[in-house]
Amino acid sequence: MLTDEIIKNLPVLFAALFVVILFIQSGLDKVFDWKGNLEWLTGHFSKSILNGTVPLMLPVITLMEVMTGILAAVGIPYLILTGSTSVIFYSAILGCASLTALFFGQRVAKDYPGAAVLVPYFLLLLSLLYLTLPVR
Numbered sequence: 001m002l003t004d005e006i007i008k009n010l011p012v013l014f015a016a017l018f019v020v021i022l023f024i025q026s027g028l029d030k031v032f033d034w035k036g037n038l039e040w041l042t043g044h045f046s047k048s049i050l051n052g053t054v055p056l057m058l059p060v061i062t063l064m065e066v067m068t069g070i071l072a073a074v075g076i077p078y079l080i081l082t083g084s085t086s087v088i089f090y091s092a093i094l095g096c097a098s099l100t101a102l103f104f105g106q107r108v109a110k111d112y113p114g115a116a117v118l119v120p121y122f123l124l125l126l127s128l129l130y131l132t133l134p135v136r
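Just so you know, this note's numbering puts 33 at position 33 of the sequence shown, and the rest follows in order with no gaps.
Printed below as a string of structure tokens:
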């Protein structure tokens with residue numbers, strides 16, 4: 001990829017790098033502190049309709065987060081080498097789905113400040129999704 005093309009794609013590259021850091025860190029935190037996260041989330045959802053579902057939800061959201069980060073990490077060199085944003089596009093889709101699931105959980109648990117914290121991340125992912133759309 002030429003320097004001009006890299007400069008043109010800087011918003012995508014920086015947003016993708018942010019997604020790598022955000023989702024890999026969050027996913028790996030869940031992997032390396034599985035017991036602590038399971039205990040905290042079980043208590044967090046104990047008085048909601050999601051009570052009892054944490055052992056099923058935690059591996060799903062962990063996998064979604066790690067895959068989002070991996071796709072973004074793979075997508076950065078792929079964009080530089082090929083000029084295609086397709087891998088980052090799929091990362092943005094999975095990231096939006098992950099954050100929507102997290103947002104739903106926070107709202108159901110009536111953790112409104114926790115849900116509000118997710119909004120800037122979601123806006124970043126929506127921007128990344130728009131910037132990497134295959135057809136505009």
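Idealized CB from N, CA, C, for every residue including glycine. All values derive from a computational prediction rather than experimental measurement.
Pairwise C-alpha distance: residue j and residue i
{"i": "residue 123", "j": "residue 110", "result": "21 Å"}
{"i": "residue 98", "j": "residue 85", "result": "20 Å"}
{"i": "residue 121", "j": "residue 71", "result": "17 Å"}
{"i": "residue 129", "j": "residue 106", "result": "23 Å"}
{"i": "residue 126", "j": "residue 43", "result": "31 Å"}
{"i": "residue 83", "j": "residue 5", "result": "8 Å"}
Span of the alpha helix (DSSP H) around residue i
{"i": "residue 135", "result": "It is not in any alpha helix (DSSP H) - residue 135 carries neither H nor E in the DSSP assignment."}
{"i": "residue 95", "result": "86-108"}
{"i": "residue 82", "result": "54-82"}
Other residues of its chain near residue i: CB distance less than 8 Å, five sequence neighbours each side excluded
{"i": "residue 37", "result": "29, 30, 58"}
Same chain, Cβ closer than 6 Å to residue i, neighbours up to 5 away in sequence not counted
{"i": "residue 23", "result": "65, 68, 69"}
_Across the stretch 63-79 and the stretch 36-48, are there enough close Cβ pairs to call them in contact, namely three or more that are closer than 8 Å?_
no
*Are the stretch 12-26 and the stretch 52-59 touching, with three or more C-beta to C-beta distances below 8 Å?*
no
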